[in-house]
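Residue numbers (my numbering), protein chains in the order written: chain C, 242 to 605; chain Z, 242 to 605; chain D, 447 to 772; chain B, 447 to 772.
Even for Gly, the Cβ is constructed at its ideal location relative to N, Cα and C.
Computed from a prediction, not measured in an experiment: that's the story for all the values here.
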Amino acid sequence: MPRKEIDLPYRVDHLSILDEEGKLDSSIEPLIPDEVLLKIHRTMILARRFDERMLILQRQGRIGTFAPIKGQEAQIGAAAVLEPDDWLVPSFREMPAELWRGKKMESILLLYGGYNEGGYVPEAVNNLPVAIPVGSQTLHAAGLAYAIKYRKQRQIAMTFFGDGATSEGDFHEAMNFSAVFQVPVVFVIQNNHWAISVPRSRQTHSKTLAQKALAYDMPGLQVDGNDVLAVYAGAKEAAERARAGGGPSLIECVTYRMSMHTTADDPKKYRTEEEVEAWIKRDPITRFQKYLTAKGLLTDDTIAAVDAEVQSEIKAAEERWAQQVEKALDPLDMFAHAFAEMPPHLLAQKEELRQELAGRKKAE
Amino acid sequence: MPRKEIDLPYRVDHLSILDEEGKLDSSIEPLIPDEVLLKIHRTMILARRFDERMLILQRQGRIGTFAPIKGQEAQIGAAAVLEPDDWLVPSFREMPAELWRGKKMESILLLYGGYNEGGYVPEAVNNLPVAIPVGSQTLHAAGLAYAIKYRKQRQIAMTFFGDGATSEGDFHEAMNFSAVFQVPVVFVIQNNHWAISVPRSRQTHSKTLAQKALAYDMPGLQVDGNDVLAVYAGAKEAAERARAGGGPSLIECVTYRMSMHTTADDPKKYRTEEEVEAWIKRDPITRFQKYLTAKGLLTDDTIAAVDAEVQSEIKAAEERWAQQVEKALDPLDMFAHAFAEMPPHLLAQKEELRQELAGRKKAE
Amino acid sequence: MAKMTMVQALNLALHQEMEKDDRVIVLGEDVGLDGGVFRVTDGLIHKFGAERVIDTPLAESGIAGFSIGMALYGLRPVCEMQFSGFDYFAMHQMESHAARLRWRSQGRFSVPMVLRAPCGGGVRALEHHSESREAYWAHTPGLKMVIPSSPRNARSLLISAIRDPDPVVFYEPKAVYRAFREEVPEDEETLPIGTSQIVREGKDITLISYGATLHPTIEAASELKEKHGIEAEVIDLLTISPLDDELFTASARKTGRVVVVHEAPRSFGPGAEVVARLVEKAFLYLEAPIRRVTGFDIVIPLFQREQEYLPGVYRIVQAVRETLNF
Amino acid sequence: MAKMTMVQALNLALHQEMEKDDRVIVLGEDVGLDGGVFRVTDGLIHKFGAERVIDTPLAESGIAGFSIGMALYGLRPVCEMQFSGFDYFAMHQMESHAARLRWRSQGRFSVPMVLRAPCGGGVRALEHHSESREAYWAHTPGLKMVIPSSPRNARSLLISAIRDPDPVVFYEPKAVYRAFREEVPEDEETLPIGTSQIVREGKDITLISYGATLHPTIEAASELKEKHGIEAEVIDLLTISPLDDELFTASARKTGRVVVVHEAPRSFGPGAEVVARLVEKAFLYLEAPIRRVTGFDIVIPLFQREQEYLPGVYRIVQAVRETLNF
Ligand SMILES: Cc1ncc(C[n+]2csc(CCOP(=O)(O)OP(=O)(O)O)c2C)c(N)n1
Ligand SMILES: Cc1ncc(C[n+]2csc(CCOP(=O)(O)OP(=O)(O)O)c2C)c(N)n1
Ligand SMILES: [Mg+2]
Ligand SMILES: [Mg+2]
């Protein structure tokens with residue numbers, strides 16, 4: 242009895258299914274219907290192309306600062322295990338997952354183009370808006386999951402956040418609440434190796450982020466985050482456990498931010514080209530395409546066709562965006578949605594602004 | 242490679258040296274000089290008696306709310322590994338450790354008696370004042386330890402906090418910062434099984450609190466917190482590691498809050514008498530006395546003598562307290578120590594109060 | 447009708463709202479078996495079970511963020527911060543999410559939560575247990591900030607806060623919790639958030655206060671009448687934000703003289719906003735400077751001296767007389 | 447003397463203080479190799495090493511609490527919150543410890559730290575990157591709150607803040623960071639915290655502002671003079687708390703009319719305190735209501751509309767003319 246090791250209920254595994262060369266470990270290949278595989282592929286391409294397009298728009302000054310997602314498209318594997326009425330609780334780098342979940346590109350452009358209206362979430366979609374304060378949204382996922390459990394629904398909540406976010410107290414509190422109340426939530430870390438200029442190794446001293454689950458007796462799994470099959474399989478396992486009443490899980494997706502932190506950032510200040518190049522070899526799209534090609538689901542031609550299609554989708558979205566911007570011209574709308582009902586002082590302030598704008602117009 | 246367990250650098254042990262009956266595992270008995278053993282014993286008795294006395298004073302209305310420490314006196318084992326110039330960073334239930342570190346009883350009475358002056362910390366003592374916001378002080382210990390490392394000193398910082406405190410984001414951030422910067426700090430959890438009315442089992446889902454160290458690749462150890470030898474041994478190991486540049490450690494002391502949370506609390510609302518009684522059998526003082534008696538260091542007579550001595554020490558402290566209260570009569574002192582130099586608006590407000598007090602006196 | 451303390455009245459409000467609406471969930475530290483450290487949630491767990499009356503882990507940001515998640519799902523969480531002196535731990539969740547999610551989602555989501563916290567001094571408590579920082583919340587766009595002053599209005603306002611479609615920070619003055627009893631009708635009663643009340647009519651001067659300091663303010667008004675023949679009108683703000691400036695402006699236009707009373711620190715405190723509104727809306731009617739009778743701009747002292755810190759009858763009476771003699 | 451932007455001037459202050467005093471430590475998110483997202487800490491890590499220029503984990507309460515620990519040991523940490531919109535995460539550490547430890551320990555300990563944060567709108571940023579919540583800090587006993595308006599005073603005030611024996615919250619208006627250059631003497635220069643300045647003399651009206659909105663205020667003063675022959679005196683507060691009410695009171699006594707300008711939301715904002723002080727100290731001299739030209743009481747809109755939210759020259763000129771026509 243004097244000094245003895247304590248048995249802990251969990252160990253931490255690493256999961257990889259499709260390696261960098263696109264080689265498959267078929268013994269653990271998840272069973273995904275062909276049309277879903279193709280839809281995942283298509284959304285990954287869409288996300289990649291839309292990201293590239295946003296970068297151009299940003300450089301042209303047509304939208305403001307945003308956080309590119311290049312390299313992190315395999316996150317769609319996690320979103321793909323969600324049912325339509327499940328809840329997605331993203332940070333600011335989940336554009337791929339959001340597209341999978343039906344977010345409109347024009348609304349993303351509206352948001353990063355600087356219009357409040359871009360935050361609108363359609364009634365049918367259970368996605369929370371982008372959350373910028375790092376780590377803070379994880380608690381909302383925990384609370385949503387509690388409400389789901391309270392209402393005895395089959396839904397789950399899935400929240401995404403970065404390696405940096407694991408340092409925030411809110412992440413700790415969200416993990417702890419979720420484990421204590423055994424609620425149906427899946428925590429998905431996008432470990433893209435950097436929090437702006439701070440490398441994963443300086444963010445925390447632990448060997449993995451997945452092992453942080455041990456602090457809460459929660460299952461934790463590390464997956465190759467550029468392997469969409471591994472991401473899918475890990476998320477599926479966690480989602481099924483959650484739906485079956487087995488409580489929360491943590492998944493660390495080891496991936497890489499191939500681009501800058503945001504368009505305001507210059508990664509050359511803090512990381513080497515070699516590192517980036519090494520990761521480009523591990524591109525999630527390339528290896529998934531190899532897999533799908535080997536499976537006979539894609540050819541070079543159909544890949545090119547997908548590319549062309551998403552490009553025209555993006556173009557169409559830009560047109561809808563332009564129309565929405567036209568409609569969004571009234572600055573007085575800044576007062577909208579402050580409260581369900583506007584209190585007198587805001588009515589008065591809105592009137593002040595109306596008069597000011599009218600006066601300025603006249604003065605011109 | 243596909244799915245494989247990740248090797249983690251640490252395991253979590255439980256350490257117990259002196260069991261409930263006072264039976265010793267002599268293979269791991271720490272080497273503590275007799276006079277230190279006796280001083281630890283004496284301070285445990287002093288803490289127990291002073292706590293009892295404070296409860297009486299509180300019930301008499303002579304002091305206000307405070308948090309009794311009964312049952313947690315073995316924490317002195319941890320404080321006993323500190324050098325005089327090390328830093329003690331307590332919560333509000335470390336009166337025993339504070340007495341060990343030279344805190345004056347009269348100053349404790351002054352504090353809980355409602356005088357700001359009770360917060361004074363003598364120049365020679367590196368104890369931070371009581372910290373009430375749960376968990377928040379752990380970050381101060383981490384920062385102190387960083388400063389120690391920066392100044393290349395041999396000191397360490399030791400911070401105490403409860404089981405409930407491990408739920409706060411600040412605990413997580415303090416653990417993470419400490420591990421990242423590998424600073425000389427020892428985190429000591431007083432797991433007294435309750436955070437007011439919330440039992441340890443509902444505070445967090447993990448089997449132990451010690452395992453939370455795994456989230457940071459930090460050594461974590463659980464010790465029998467009513468076994469002052471185990472507490473000492475665990476803390477010694479951690480302190481030596483810290484001093485040798487080995488970074489932070491976490492120690493979970495499994496103990497019990499035998500009394501109420503604070504004097505404003507009624508534990509009967511949420512816990513059973515049986516539970517309390519079971520823990521009274523594990524009293525840290527009883528078993529330590531058995532050990533010291535078996536060692537030939539104490540007899541029933543010398544135990545009684547210690548008791549009488551501490552009682553008269555307490556009485557003397559109360560007299561000094563009364564004198565200090567006499568001196569502390571000026572309410573204008575509430576403005577003292579707001580800033581190094583009092584800004585004009587505070588000078589003016591102090592003058593307002595002076596005039597008010599003078600006016601009220603005249604009006605009487 | 448029964449005579450109740452504020453604690454009992456708040457407890458009644460929670461009982462009735464939970465009974466009526468299964469979206470209402472109570473959560474916080476020790477709100478379950480313990481019934482809250484002040485017993486405001488007493489008995490709820492026995493009636494509604496541990497699923498709806500949740501003892502949470504010890505983490506304020508967690509409690510607030512978890513509540514936000516529940517509210518987004520359509521529940522109506524009423525969370526308790528054990529003392530208002532610990533709600534800064536939850537500030538970022540409230541400022542950055544509770545207050546913004548309706549706006550951020552452009553109306554799709556809302557956060558109908560209540561954050562309750564005992565506030566203020568006067569109960570001989572430890573450090574951090576006597577603070578008044580309502581100005582933080584009042585200054586935060588997207589939040590409402592309510593502080594009742596009596597059992598009856600506490601009950602009515604808490605019901606309104608629970609039913610409010612937007613987040614409400616609800617401070618409960620500890621000094622009033624058990625200070626007196628008041629008739630509280632059994633039948634449900636609400637009070638509109640954003641509306642203040644005249645609690646005593648007068649023509650010579652307007653006294654504006656809320657929460658615990660309303661009571662010395664009323665006492666001061668009595669003393670002013672009895673000893674000096676001064677008729678003070680007393681206004682209870684009840685809601686700090688959105689601030690009802692109509693009523694006190696009208697009163698100030700009538701009396702021409704105003705004293706604002708609160709225990710929060712003076713500088714950048716709630717009283718400053720009252721003064722600013724009066725200057726904006728009743729400038730020509732003001733016959734004397736508006737005095738702020740408040741806590742000082744220091745940490746509220748430990749309990750032996752807190753009565754000297756807190757605005758009391760003497761301080762209010764003096765300020766009124768000086769204002770009238772101006 | 448070199449012409450510098452505010453970013454360069456702040457960087458100079460840090461370089462010089464770190465060189466002079468090895469107690470000065472810089473820490474925060476991305477303050478090392480990246481030099482801070484606005485480059486205020488650029489180059490420091492190369493000169494002073496990673497031990498003194500610390501890239502911390504991503505945790506604001508951690509950064510503040512860690513700094514408090516260092517300060518207790520006698521160091522002089524200068525920590526950066528990446529944006530002021532994230533400093534609420536650190537609010538409890540600042541309110542409950544930084545602001546109180548001198549008092550709590552009755553003078554034994556002190557917390558000579560600086561908490562720097564870029565504040566305010568006008569740089570077309572994302573949500574949470576344009577806030578002005580200086581009133582939270584200004585209302586907190588035990589803290590000082592400083593907001594410079596130009597490269598030169600930013601440099602002098604930052605040096606004073608670092609040397610200050612007590613905690614200083616130091617907000618840096620992003621809109622000014624690179625807006626213009628100013629001569630900044632190479633030799634060390636300090637400005638006393640708690641002191642405001644007249645930046646333009648005038649006799650007709652007093653305009654009080656600080657930080658970014660000082661500049662449209664000055665522009666408005668020029669326009670008022672040129673177009674309307676109105677001579678406005680402009681005061682730059684520089685320190686929000688402790689508020690220097692002597693200078694603006696004297697000015698108000700002279701002009702009789704005052705407009706306060708800031709971009710923080712109006713209600714319970716800094717302007718209210720200025721009004722309250724003027725009412726207390728210059729009542730008889732006021733010839734018109736004091737107008738507050740401020741941000742509105744809503745979340746600052748995303749960038750397409752932020753210029754309509756922020757107080758600009760037009761809004762200030764209108765308010766001045768209305769005040770003069772009162
Ligand atoms: C609470 C908070 N602090 C600071 C920031 C500024 N910031 C934005 S993103 C970021 C790094 C985030 O890193 P990580 O969590 O790894 O996500 P990633 O950006 O890599 O996707 C920082 C510091 C913020 N948005 N929120
Ligand atoms: C941040 C914060 N939240 C709430 C409280 C109120 N409170 C005081 S002690 C306590 C329980 C603490 O439990 P634990 O950490 O286990 O320490 P113990 O009291 O058992 O020594 C609570 C909730 C507080 N002091 N600080
Ligand atoms: Mg990252
Ligand atoms: Mg405990």
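CA-to-CA, the gap between GLU293(Z) and GLY312(Z) works out to about 12 Å. For GLN431(C), the beta-bridge partners assigned by DSSP are GLY403(C) and CYS494(C). Closer than 7 Å to some heavy atom of ligand 3: that does not describe the Cβ of TRP328(C).
In this structure, the CA atom of ALA558(C) is about 33 Å from the CA atom of LYS620(B).
Taking a Cβ-Cβ threshold of 7 Å, none of the residues of chain D is close to ALA365(C); the smallest such distance is about 10 Å. Each residue's CA atom was taken as its position, placing SER595(D) and ILE664(D) some 12 Å apart. In this structure, PHE529(B) is the residue among PHE529(B), HIS585(B), LEU589(B) and ARG609(B) with its C-alpha nearest to the C-alpha of ALA571(B).
Beta-bridge pairing by DSSP links SER655(B) to ASP682(B). Judged by the Cβ position, ARG334(Z) qualifies as a neighbour of ligand 2 at the 7 Å threshold, a heavy atom of the ligand being closer than this. Within the region 508-525 of chain B, the residues whose Cβ lies closer than 9 Å to some Cβ of chain Z are GLY508, ILE509, ALA510, GLY511, PHE512, SER513, ILE514, GLY515, MET516, ALA517, LEU518, TYR519, GLY520, LEU521 and PRO523, listed in chain order. Sequence-distant Cβ neighbours of VAL721(B) in its own chain, meaning closer than 6 Å and more than five residues away, are ILE736. Placement of the Cβ of ASP743(D) at a distance of 7 Å or more from every heavy atom of ligand 1 is found. Rounded to the nearest whole angstrom, the C-alpha separation of PHE494(B) and MET464(B) is 8 Å. Non-local C-beta neighbours of GLU605(C) in its own chain, meaning closer than 7 Å and more than five positions away in sequence, are absent.
Residue nearest to PHE333(C) within the set ALA321(C), LEU462(C) and VAL375(C) is VAL375(C) (criterion: CA-CA distance). Close partners of MET575(Z) in chain D (Cβ separation under 8 Å): PHE742, ILE744, PRO747, ARG751, GLU754 and TYR755. By the neighbour-count criterion, in which a residue is buried when 16 or more other Cβ atoms sit within 10 angstroms of its Cβ, GLY360(Z) is buried. Contact annotation: VAL486(B) and ARG624(B) have beta-carbon atoms that are not nearer than 8 Å. Shortest gap from the CB of ALA338(C) to any heavy atom of ligand 4: 7 Å or more.
In the three-state reduction of the DSSP assignment, PRO716(B) falls in the helix class, which pools H, G and I. Contact of PRO611(B) with chain Z by beta-carbon distance below 9 Å involves PHE580, ALA581 and GLU582. Under the criterion of beta carbons closer than 8 Å, GLY758(B) and ARG712(B) do not qualify as touching, at roughly 15 Å. Nearest to GLU577(D) by alpha-carbon distance, out of THR586(D), SER513(D), GLU618(D) and LEU693(D), is GLU618(D). Secondary-structure assignment with DSSP links MET450(B) through a beta bridge to GLU628(B). Relative to ligand 4, even the nearest heavy atom lies 7 Å or more away from the CB of GLY376(Z). Inclusion of PHE535(B) in the 7 Å shell around ligand 1 follows from its C-beta lying nearer than that to a non-hydrogen atom of the ligand. The contact set of GLU414(Z) on chain D, defined by CB atoms closer than 8 Å, is empty, because the minimum CB distance reaches about 11 Å. The C-beta of ARG570(B) comes closer than 8 Å to at least one C-beta of chain C. Excluding residues up to 5 positions away in sequence, PHE529 and GLY531 lie with their Cβ nearer than 7 Å to the Cβ of HIS575(D) in the same chain. In this structure GLN431(Z) is buried. Its beta-carbon is surrounded by 16 or more other beta-carbon atoms within 10 angstroms. Between the region 640-654 of chain D and the region 674-686 of chain D, the count of Cβ pairs shorter than 8 Å is three or higher; the stretches touch. Taken in chain order, the complete alpha helix (DSSP H) segments of 4 or more residues contained in the region 596-620 of chain D are 597-609. Counting every other CB atom within 10 Å of its CB across the protein chains shown gives GLY648(D) a total of 16 or more, marking it as buried.
Here DSSP, grouped into helix, strand and coil, assigns ASN368(Z) to strand. The three-state secondary structure of LEU490(B), taken from DSSP, is helix. In terms of Cα proximity to ILE297(C), the closest of PHE428(C), ASP468(C), ILE555(C) and LEU570(C) is ILE555(C).
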